[in-house]
Amino acid sequence: LQVAIKCVAWDTVLQWDELHNGTCVPKEIVLMKKVGSGCCRIIQLLDWFKLPDSFMLVMERPEQSRDLLHILLEQEIQSEEAACWLFWQVLEAMWHCTACGVLHGDIKPENLLVNPETVKLKLIDFDCCTFLKERAFTQLAG
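Sequential numbering from 54 applies to the sequence shown in the numbering used here.
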């Protein structure tokens with residue numbers, strides 16, 4: 054199993070939240086745990102560790118996947134059918150997040166991992182996420 058490790062320095066965390074056990078962590082961890090099951094279009098948080106000056110997030114790393122921006126720039130996906138399939142997968146990821154009460158807030162090609170051979174997509178980078186709320190959002194993220 055390949056993994057990706059993200060190091061988040063304490064002094065760079067903009068949003069904090071609590072886990073069910075009361076542990077204060079970056080909101081990104083709480084939100085990834087909330088959306089982490091039930092959708093193959095969301096990158097999975099496998100584990101996390103608290104260090105003296107940072108948090109380490111251990112996430113799945115889909116084989117041969119790269120961000121959509123690089124795939125588009127290199128024109129690896131050219132068919133309209135593949136583009137439609139990618140868009141559908143983005144919608145599936147967004148629907149799942151919404152059903153979990155989460156707004157990703159930063160959906161862009163750099164935050165979409167795609168395997169160019171299978172055209173399977175995963176939504177990544179939850180540090181701009183927030184919980185959905187009743188009133189309108191007035192600030193941009195990302």
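Note that CB positions come from ideal geometry on N, CA and C, so glycine has one too.
For clarity, every value in this text was computed on a predicted model and none was experimentally measured.
The beta-carbon separation of Leu174 and Leu165, rounded to 6 angstroms, stays under the 8 angstroms limit for a contact. Within the same chain, Cβ atoms closer than 6 angstroms to the Cβ of Leu121 are found at Pro162, Leu165, Val167, the five residues on either side in sequence being excluded. Note: Arg188 is not bridge-paired with any residue in the DSSP secondary-structure output. By the CB criterion at 8 angstroms, Met147 and Val56 fall outside the cutoff. Close CB contacts of Asp106 within its chain, under the 7 angstroms cut and outside five residues either way in sequence, are with Ala62, Trp63 (chain order).
Gln117 sits exposed, since fewer than 16 C-beta atoms from the chains shown fall within 10 Å of its C-beta. In the DSSP assignment, Lys80 falls outside any beta strand (DSSP E) and within the unbroken alpha helix (DSSP H) covering 80-88. Judged by DSSP in its simplified three-state form, Asn164 adopts helix. In the DSSP assignment, Leu122 falls within the unbroken alpha helix (DSSP H) covering 121-126. From the listed residues Ile58, Leu72, Met85, the smallest Cα separation to Phe179 is found for Met85.
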